[in-house]
Structures are given as C-alpha cells and as structure tokens.
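The block underneath contains the structure these notes are about, expressed in structure tokens.
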Amino acid sequence: MKHAVVLVLVLLFVLSGCGVRWQMKDTYIFVYEIEPNSPQGYVLPVPLARVTVTGNVAAVRYTDAQGKAHFQLPPGTYTVAIDKSGYLPLTDTITLYTLELTPGRYVYYLARQEG
4 MKHAVVLVLV LLFVLSGCGV RWQMKDTYIF VYEIEPNSPQ GYVLPVPLAR
54 VTVTGNVAAV RYTDAQGKAH FQLPPGTYTV AIDKSGYLPL TDTITLYTLE
104 LTPGRYVYYL ARQEG
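Going letter by letter, the sequence shown gives residues 4 to 118 in the numbering used here.
Put into structure tokens, the structure is as follows:
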C-alpha cells in the first residue's frame, strides 16, 4: 500500500511539472513562393513576411531568411494571416491538439501581386 501511495505522488508530481510544457506546442509556419519563371518550379523562401496568429493567444512574428516563423501555442484553433508587400495576403485556420507530441509544421505559398 505504501508503494502505491508513493507511486501516485510521484506520478502527480511528474504530471503537474510537465503538463504545462506539454500543453505548449512548437508551431512552425513556413512561407515560400514558387518561382514563376522557372520551368522546374523552384521554391524560394519569403523572408520578412509578417505572420499573425490569433485564437487562444495572439502573436506576430516575421519569417527568417529560410521563410520560417516559430510560435509556441497552446492547443486550440487559430487563424493564421500572412502578408508581405508585393504578395497577395493569405489566411488559413489551423487546429492544434492536446495530445499532439510532434511540432506542428505548416507550409504556405504566397503569390506575387500583379502590377
């Protein structure tokens, strides 16, 4: 009986300390464009695109030289809005789940604005 109580206490300690970290999800938004004049369809990263995430929390990040923006988000449904001068804006909805253990990776392709 004594071992069962200790086991329950250890389990509660571990879960209470790690539960918060498990709830935050590493979420990566990748923003690219397909080179329009390339017959091979080269994919190019779009640096300095503004990525706005709204939902349970709101955050804004800018993509790096590889076209990546990193967020730490709790589970929930979010609206992702991406914009950059010279490109058409893009909006999407994503859902992060509680038991999802791998980082979320979302890839978007921006189209150049005509004219």
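Note that the Cβ used here is the ideal one computed from N, Cα and C, for glycine as well. All figures in this text were calculated on a predicted structure; none of them were measured in a lab.
Minimum Cα-Cα distance from Gly107 among the listed residues Thr66, Ile97, Leu113 corresponds to Ile97.
Rounded to the nearest angstrom, the Cβ distance from Ala114 to Tyr90 is 7 Å, consistent with a contact under 8 Å. Per the coordinates, the alpha-carbon of Val54 lies some 6 Å from the alpha-carbon of Ala84. Unbroken beta strand (DSSP E) runs of no fewer than 3 residues, entirely contained in the region 19–106, are found at 28–37, 46–48, 53–57, 61–65, 71–76, 79–86, 93–99, following chain order.
Looking from the CA of Gln116, the closest CA among Gln26, Ile32, Pro39 belongs to Pro39. Counting C-beta atoms within 10 angstroms of its own C-beta, Val63 has fewer than 16 neighbours from the protein chains shown and is therefore classed as exposed.
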